[in-house]
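K.L.:
2 is the number of the first residue of the sequence shown in our numbering; add one for each residue after it. Positions of the beta carbon are idealized from the N, C-alpha and C atoms, including for glycine. Small disclaimer: the values here were computed from a predicted structure and weren't measured.
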Amino acid sequence: MAFAKADHRPWRLRDDRGPERGVVSVLRNRFAELRAAAELAAYSDRELLSLLPYFDEVRPPAGRRLAFEGRSGTAYLVVAQGRLQAWSGDGECRTLMAGDSFGWNAMWERGLNDATVVVETDARLLVMGHAQFRALKALGRRPAERSDAEVGLADSRVVA
Numbered sequence: 002m003a004f005a006k007a008d009h010r011p012w013r014l015r016d017d018r019g020p021e022r023g024v025v026s027v028l029r030n031r032f033a034e035l036r037a038a039a040e041l042a043a044y045s046d047r048e049l050l051s052l053l054p055y056f057d058e059v060r061p062p063a064g065r066r067l068a069f070e071g072r073s074g075t076a077y078l079v080v081a082q083g084r085l086q087a088w089s090g091d092g093e094c095r096t097l098m099a100g101d102s103f104g105w106n107a108m109w110e111r112g113l114n115d116a117t118v119v120v121e122t123d124a125r126l127l128v129m130g131h132a133q134f135r136a137l138k139a140l141g142r143r144p145a146e147r148s149d150a151e152v153g154l155a156d157s158r159v160v161a
């Protein structure tokens, strides 16, 4: 019995950021994007690498609402590209850009969102739902606490 010659080219992923890229390159970029998130900064490289499979990449269009203030948090998201606006009930607006994140406390405590988040420009996000977030909690520790309100404010990107 004859077998077809195997294709020994490495697996390739299509990526909107340029020509086809290897899996290793895509994962390296995602790792760097997650490393930029303040909540994940305390995790070791090994721990962060173990979390990569639990993040999904989504590309919501401008105008899409991702979270509603006062409703149960359903996702932890890290902005890889684009801009989001987080509006709080007191009228404060934070702009979330690459490296910023939202939903950490609501996911960790299974609590409520502290802002309504709207996509300002087409974005690329790395997202964890509750089932995936359990993998992060299984690491057994919670890094230094920061409220979602503090994330983004540290960069003074507040629009009044």
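1) Please check the pair Ala43 and Ala87, which I expect to be a contact at CB under 8 Å, by giving their CB distance rounded to whole angstroms.
2) Do Tyr77 and Phe134 have their beta-carbon atoms positioned less than 7 Å apart in this structure?
3) Report, in whole angstroms, the separation of the C-beta atoms of Gly104 and Asn114, which I expect to be a contact under 8 Å.
4) Do Leu28 and Leu35 have their C-beta atoms within less than 7 Å of each other?
5) Given a cut-off of 7 Å, decide if Glu48 and Leu127 are closer than it, judged by their beta-carbon atoms.
6) Measuring straight from C-alpha to C-alpha, what distance separates Gly74 and Ser26?
7) Mind checking which residues open and close the alpha helix (DSSP H) that includes Arg31?
8) Select from Val119, Gly83, Tyr55 the residue whose C-alpha is nearest the C-alpha of Cys94.
9) Answer with buried or exposed for Gly71, where buried requires no fewer than 16 other C-beta atoms within 10 angstroms of its C-beta.
10) Beta-carbon within less than 8 Å of Gly112's beta-carbon, same chain only, minus the 5 sequence neighbours each way: which residues are those?
P.N.:
Taking the structure as given:
1) Not a contact, Cβ separation roughly 22 Å.
2) yes
3) 7 Å
4) no
5) no
6) 31 Å
7) 24-36
8) Val119
9) exposed
10) Ser73, Gly74, Asn106
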